[in-house]
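Engineer: Residue numbers (this note's numbering): 1 to 247. Every residue gets a Cβ at the ideal spot worked out from N, C-alpha and C, and that includes glycine.
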């Protein structure tokens, strides 16, 4: 477990490390930089998971399973919102279905926590979770960075979950017309970091309007940019920290 500054969760939990660049939203992924840094610090879990390309750390496609951390949630007495695999994707094609089932067993055994799982591979998420059963403390979501990847929302709708959510972060283009039917929660955020690409306010307006129409909770995470603290997370002169209502 690691405490985190991510606004919509309390802690991160990483049973898997490593990933593969899949779409433009991955280009400046903070996790690649962090994995390279942890490797340089001598952490075996992250050894050899990135390569240098254009002077930057990039995922090389290698995946490492960390079975030792599967016991961690049982040790946390205070209920927490847990972001599962901030340093990977649980539904990466190289993660065995049996290991996903092991993670499911851990989450089922720890109902005091709420587990939030985000993937760029919602089609595999739908296929793998079909046989695992619905857990009331597990929220399942997908990342969508532009209109080119709106099909991920359709795949997410094939998933049965207590909460389905979308992270429009980094938001790299308009997603006007996004169908949010069946989606309970939406996170919006601009890219941050040294090579951050800009986010237009009108793109946020489009998503906020779609949330109101679909009755989805709207969480505005950040404007982003090279200095994200300076740009802040105020939208329309307010802070939007809406969370989904769980039956």
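1. How would you write the range of the beta strand (DSSP E) that residue 156 sits in, first residue to last?
2. Would a C-beta distance cut-off of 8 Å place residue 232 and residue 191 closer than the cut-off?
3. Are residue 126 and residue 153 close, meaning C-beta to C-beta below 8 Å?
4. Please name the residue in 162, 135, 120, 194 whose C-alpha comes closest to that of residue 168.
5. On the DSSP letters alone, give me the boundaries of the alpha helix (DSSP H) that residue 53 sits inside.
6. In angstroms with no decimal places, state the Cα-to-Cα distance between residue 210 and residue 180.
7. Could you check how far apart the C-beta atoms of residue 186 and residue 207 are, in whole angstroms? I think they sit under 8 Å.
8. Rounded to a whole number of angstroms, what is the C-alpha to C-alpha distance between residue 50 and residue 213?
9. Express the C-alpha separation of residue 173 and residue 27 in angstroms, rounding to a whole number.
10. Between which two residues does the alpha helix (DSSP H) carrying residue 106 extend?
11. Hey, quick one: how far does the beta strand (DSSP E) through residue 84 stretch, first residue to last?
12. Can you give me the start and stop residues for the beta strand (DSSP E) that residue 217 sits inside?
13. Got a sec, what are the start and stop residues for the beta strand (DSSP E) residue 118 sits in?
Structural biologist: The answer reads as follows:
1. By 1-based counting over the chain shown, the position of residue 156 is 156. In this chain, residue 156 is not harboured by any beta strand (DSSP E); it is covered by the alpha helix (DSSP H) spanning 151–156.
2. For the purposes of this step, residue 232 is taken as residue 232 along the chain shown, with counting starting at 1. For the purposes of this step, residue 191 is taken as residue 191 along the chain shown, with counting starting at 1. In this structure, residue 191 does not lie closer than 8 Å to residue 232 by Cβ.
3. Here residue 126 refers to the residue found at position 126 when the chain shown is read from its first residue. Here residue 153 refers to the residue found at position 153 when the chain shown is read from its first residue. Pairing residue 126 with residue 153 gives a Cβ-Cβ distance that is not under 8 Å.
4. Indexing the chain shown from 1 puts residue 168 at position 168. Among 162, 135, 120, 194, the Cα nearest to that of residue 168 belongs to 120.
5. Within the chain shown, numbered from 1, the residue matching residue 53 stands at position 53. Where residue 53 is concerned, there is no enclosing alpha helix (DSSP H), although the beta strand (DSSP E) it sits in stretches over 50–53.
6. Position 210 of the chain shown, counted from the first residue, corresponds to residue 210. Position 180 of the chain shown, counted from the first residue, corresponds to residue 180. Taken atom to atom, the span from the alpha-carbon of residue 210 to that of residue 180 is near 7 Å.
7. Working through the chain shown from its first residue, we reach residue 186 at position 186. Working through the chain shown from its first residue, we reach residue 207 at position 207. Their Cβ separation, rounded to whole angstroms, is 6 Å, which keeps residue 186 and residue 207 in contact under 8 Å.
8. Within the chain shown, the letter at position 50 stands for residue 50. Within the chain shown, the letter at position 213 stands for residue 213. Using only the alpha carbons, I get a separation of about 42 Å.
9. As a first step, residue 27 must be located in the chain shown, where it is residue number 27. As a first step, residue 173 must be located in the chain shown, where it is residue number 173. Linking residue 27 to residue 173 through their CA atoms gives a straight-line distance of about 15 Å.
10. Taking the chain shown and counting its residues from 1, the one referred to as residue 106 is at position 106. Following the DSSP letters along the chain, one finds residue 106 inside the alpha helix (DSSP H) bounded by residues 97–108.
11. The residue labelled residue 84 in the question sits at position 84 within the chain shown. Its beta strand (DSSP E) spans residues 81–84.
12. Within the chain shown, numbered from 1, the residue matching residue 217 stands at position 217. In the DSSP assignment, residue 217 falls within the unbroken beta strand (DSSP E) covering 217–222.
13. The residue you call residue 118 lines up with position 118 of the chain shown. Where residue 118 is concerned, the enclosing beta strand (DSSP E) stretches over 114–119.
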